[in-house]
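Peer 1:
Residue numbers (this note's numbering): 7 to 693.
(1) What would DSSP say about residue 356, mapped onto helix, strand or coil?
(2) What is the DSSP secondary structure of residue 568, counted as helix, strand or coil?
(3) Just tell me which of 301, 632, 588, 579 has its CA closest to the CA of residue 608.
(4) On the premise that residue 347 lies in contact with residue 402, defined as a C-beta separation below 8 Å, what is that separation, rounded to the nearest angstrom?
(5) By Cβ distance, which residues of its chain are closer than 6 Å to residue 483, with the 5 residues on each side in sequence left out?
(6) Is the segment 113 to 121 touching the segment 147 to 165, taking contact as three or more C-beta pairs under 8 Å?
(7) Quick one: complete alpha helix (DSSP H) runs, 4+ long, within the segment 364 to 444?
(8) Across the segment 566 to 585 and the segment 200 to 219, are there enough close Cβ pairs to call them in contact, namely three or more that are closer than 8 Å?
(9) Specify whether the segment 307 to 316 and the segment 251 to 258 touch according to this definition: at least 3 beta carbon pairs, one from each stretch, less than 8 Å apart.
(10) Entirely within the segment 465 to 517 and at least 4 residues each: give me those alpha helix (DSSP H) ranges in chain order.
(11) Helix, strand or coil: how does DSSP classify residue 349 here?
(12) Mapping the DSSP letters down to three states, classify residue 39 as helix, strand or coil.
(13) Alpha helix (DSSP H) containing residue 526: first to last residue?
(14) Give me the Cβ distance between residue 441 and residue 448, rounded to the nearest whole Å; I'm assuming they're in contact under 8 Å.
(15) Per DSSP, what kind of secondary structure is residue 226 in: helix, strand or coil?
(16) Around the C-beta of residue 549, are 16 or more other C-beta atoms found within 10 angstroms, so that it is buried, or is it exposed?
(17) Taking only runs that begin and end inside the segment 574 to 649, name each unbroken beta strand (DSSP E) of 3 or more residues, in chain order.
(18) Please return the same chain residues whose Cβ sits closer than 6 Å to the Cβ of residue 281, not counting the five positions on each side in sequence.
(19) Can you tell me where the beta strand (DSSP E) with residue 133 in it begins and where it stops?
(20) Look up residue 460 in the DSSP assignment and say whether it is helix, strand or coil.
(21) Since residue 267 contacts residue 196 with CB under 8 Å, what's their CB separation in whole angstroms?
(22) Among 224, 320, 422, 463, whose alpha-carbon lies nearest the alpha-carbon of residue 333?
(23) Which parts of the segment 107 to 186 are runs of the alpha helix (DSSP H), unbroken and 4 residues or longer, counting only runs that do not cross its ends?
(24) Tell me whether residue 1 is buried or exposed, calling it buried when 16 or more other Cβ atoms sit within 10 Å of its Cβ.
(25) Grouping DSSP H, G and I as helix and E and B as strand, with all else coil, what is residue 205?
(26) Kindly indicate which residue of 172, 540, 472 has the alpha-carbon position closest to the one of residue 507.
(27) What three-state label does DSSP hand residue 215 in the structure shown?
(28) Residue 274 lies in the alpha helix (DSSP H); which residues open and close that run?
(29) Thinking C-beta only, is residue 672 closer than 8 Å to residue 665?
(30) I need the boundaries of the alpha helix (DSSP H) containing residue 55, first residue and last residue.
(31) Under the DSSP definition of a beta bridge, which residues are partnered with residue 92?
(32) In three-state terms, what does DSSP make of residue 284?
(33) Which partner residues does residue 289 have in the DSSP bridge list?
(34) With burial defined as no fewer than 16 other Cβ atoms inside 10 Å of the residue's Cβ, what is the status of residue 27: buried or exposed?
(35) Excluding the 5 residues flanking residue 498 on each side, which residues of the same chain have their C-beta closer than 6 Å to its C-beta?
(36) Within the same chain, show all residues whose beta-carbon is closer than 6 Å to that of residue 587, passing over the 5 residues directly before and after it, in chain order.
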């Protein structure tokens with residue numbers, strides 16, 4: 007039985023990925039207003055099946071190589087009783103010979119490859135459990151136990167993976183954990199593989215790149231609520247698994263919905279290149295800041311000739327700009343760090359494995375993929391800037407820049423997680439910002455203000471809808487969205503307009519190679535048709551993330567939460583002291599703005615607040631309100647208490663259910679929170 011799933015996967019990969027014949031799947035759409043692929047979409051998908059290199063099946067062989075066993079279950083339950091992980095809901099992808107015209111053929115191929123499920127041997131001594139979460143969890147056999155690389159997003163999935171490998175290969179303790187970088191799908195499941203007391207005692211090492219703790223938390227706090235809302239779109243959070251909905255997330259199927267934790271590292275790799283031996287395993291770490299994450303590192307195992315590429319080299323070109331929101335990354339630096347790895351390790355490596363996708367074997371193949379991805383990131387940077395220096399703007403470049411044709415024919419250079427369109431715009435944004443140089447766009451009207459003008463000039467809703475239908479019937483979907491979007495902004499309650507725009511978005515979504523872009527169009531279509539769904543929301547990031555926040559970061563976010571209008575005309579200074587860790591801050595309100603500075607106390611403070619950091623953490627997590635801390639004597643106020651009372655009234659909590667598309671109806675998706683409770687940071691899974 008253990009080979010049953012592998013045989014299905016192998017047969018399906020061979021049949022589905024090598025076939026060139028079209029054939030739309032006649033499955034029921036999950037939404038009553040949903041539409042099947044149009045004739046234009048069907049024809050476009052058929053043309054892609056003819057033009058793309060489906061005869062290159064090397065990835066198919068690599069994806070199945072080293073398979074040992076798959077577990078008898080397809081779901082993993084969370085401790086709270088819900089389903090944390092369900093790869094089985096994507097089994098429709100494994101139907102033999104099935105081409106889905108509602109899925110870009112290249113994306114369908116990637117989605118099938120990501121159906122890897124079970125335990126794989128990379129080489130003797132290195133193993134991966136794949137298909138248990140968005141990322142892979144890797145196990146390095148040491149003298150006395152396992153060294154775990156990237157323990158997934160959730161405690162439950164990581165624990166299940168550890169249990170499964172121990173069942174298959176024999177019980178071994180975890181002696182060390184390596185966090186390759188500061189995104190949650192690479193550390194969130196750590197409590198499923200180690201006990202925090204063993205880390206504190208030094209019995210277990212947790213190794214991470216320099217800056218890991220800062221970036222693991224801070225990257226996702228300031229705009230965390232907006233990022234979580236935008237995840238509804240990029241990750242298709244509320245789309246069902248369906249040929250018409252969510253099919254993949256490019257670097258894995260999706261993220262687990264279990265307990266996300268964080269245990270701070272007790273070993274930090276500070277140098278650019280640093281060697282370390284842990285329980286008999288020799289490792290050379292290469293810090294690669296400024297690539298896929300602000301704190302990230304590759305690892306080379308010289309005795310095994312094995313290169314761990316973290317998330318810097320996976321089975322796709324990644325995000326330079328991630329649609330849920332993040333600082334724009336540096337494509338040139340990414341390319342340079344890959345180049346450095348080529349010359350440091352690539353000349354002798356015989357296997358390359360990573361935190362997503364599947365390994366590559368043989369030095370020639372490894373160098374091919376490394377150099378191809380190096381060149382893709384470098385060309386993205388250089389090619390876009392080449393155009394920008396000739397006057398191509400941020401609003402044009404996505405329609406002009408093209409990846410070199412030699413790279414377009416390589417699966418490892420396809421942009422699944424990123425997209426050529428949004429990555430090319432990101433490069434210009436990094437160097438030149440959002441402005442295209444036209445003064446009209448420097449201080450533009452808001453969409454809802456400009457839309458009414460356009461609608462009036464076009465003669466009102468009736469001719470716009472008529473023209474929109476005409477463009478839709480001609481397959482000119484991007485033209486149709488241009489005018490229908492104006493109408494929806496001008497008349498957000500016009501359901502006919504919203505339904506037609508949803509139809510347009512749906513066809514555009516079906517045609518996208520990048521699941522992030524696909525999900526965004528399909529999620530917008532869902533909300534336009536039905537409003538913002540109120541039954542679910544992205545998973546929270548867990549109490550460990552709040553605990554790991556610095557006091558300064560918490561105070562900074564209070565400044566973001568402050569309603570300047572409520573603070574108008576008021577001013578004060580507060581001294582904050584946390585005696586158990588010796589921190590001191592001055593918090594000042596002036597000009598409707600809340601600022602703070604660490605290491606100082608003001609002689610003229612209106613109020614001094616004293617509370618141990620350990621007690622403050624409980625307030626930050628919402629377990630105990632600040633008022634309750636005061637009543638219990640764990641927090642003291644010395645001075646004008648009215649300052650504290652006023653501050654409480656000035657702080658707002660952000661609700662997750664704000665509108666993105668007009669007329670979709672804001673929903674209250676956030677539970678009631680205490681005044682000084684820290685809102686959940688965004689989930690960084692997937693980068």
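Here a beta-carbon is modelled for each residue, glycine too, at the ideal position from N, C-alpha and C.
Peer 2: With the structure as the only source:
(1) In the displayed model, residue 356 falls within coil according to three-state DSSP, outside both helix and strand.
(2) Of the three classes helix, strand and coil, the one that applies to residue 568 here is strand, per DSSP.
(3) Considering only alpha carbons, the answer is 579.
(4) About 34 Å separates the two Cβ atoms, so there is no contact after all.
(5) For residue 483, where only same-chain residues beyond five positions count, the Cβ hits under 6 Å are 510, 513, 514.
(6) For the pair of segments examined, the segment 113 to 121 was found not to touch the segment 147 to 165: the number of CB pairs separated by less than 8 Å stays below three.
(7) Secondary structure remark: continuous alpha helix (DSSP H) runs of at least 4 residues inside the segment 364 to 444, in chain order: 369 to 394, 411 to 414, 426 to 438.
(8) With a cut-off of 8 Å, the segment 200 to 219 and the segment 566 to 585 do not count as touching, because too few Cβ pairs lie within range.
(9) Inter-segment contact for the segment 307 to 316 and the segment 251 to 258 is absent: fewer than three beta-carbon pairs are separated by less than 8 Å.
(10) Within the segment 465 to 517, the complete alpha helix (DSSP H) runs of at least 4 residues are 467 to 479, 483 to 496, 501 to 516.
(11) Taken through DSSP and simplified to helix, strand or coil, residue 349 comes out as helix.
(12) Three-state result, residue 39: coil.
(13) Run containing residue 526: 521 to 536, per the alpha helix (DSSP H) assignment.
(14) Taking C-beta atoms under 8 Å as the contact rule, residue 441 and residue 448 qualify, at a distance of about 6 Å.
(15) Coil at residue 226, not helix or strand.
(16) So residue 549 counts as buried.
(17) Runs found: 578 to 584, 589 to 596, 599 to 604, 613 to 617, 641 to 645.
(18) Excluding residues within five positions, the ones whose Cβ falls inside 6 Å are 290.
(19) Counting along the chain, the unbroken beta strand (DSSP E) around residue 133 starts and ends at 132 to 136.
(20) Correct three-state label for residue 460: helix.
(21) At roughly 6 Å, the Cβ-Cβ gap stays under 8 Å, so residue 267 and residue 196 are in contact.
(22) Checked all of 224, 320, 422, 463; the closest Cα to residue 333 is 224.
(23) Fully enclosed alpha helix (DSSP H) runs of 4 or longer: 111 to 119, 161 to 175.
(24) Any property of residue 1 remains undetermined from this structure, which presents the chain solely from 7 to 693.
(25) Collapsing the DSSP output to three states places residue 205 in a helix.
(26) From the listed residues 172, 540, 472, the smallest Cα separation to residue 507 is found for 472.
(27) It is a strand residue.
(28) In the DSSP annotation of this structure, residue 274 is not part of any alpha helix (DSSP H); the continuous beta strand (DSSP E) holding it starts and ends at 273 to 275.
(29) Judged by their CB atoms, residue 665 and residue 672 are nearer to each other than the 8 Å cut-off.
(30) Here the alpha helix (DSSP H) through residue 55 covers 45 to 57.
(31) Its beta-bridge partners are 81.
(32) In the displayed model, residue 284 falls within a strand according to three-state DSSP.
(33) Paired residues: 282.
(34) Caution applies to residue 27, whose pLDDT of 35 falls short of 50 and renders its modelled position unreliable; the model cannot decide the point.
(35) Its chain contains 668, 669 as the residues whose beta carbon lies nearer than 6 Å to that of residue 498, once the 5 sequence neighbours on both sides are disregarded; these appear in chain order.
(36) Sequence-distant partners of residue 587 (beyond 5 residues in either direction) whose C-beta falls short of 6 Å from its own C-beta, in its chain, are 619.
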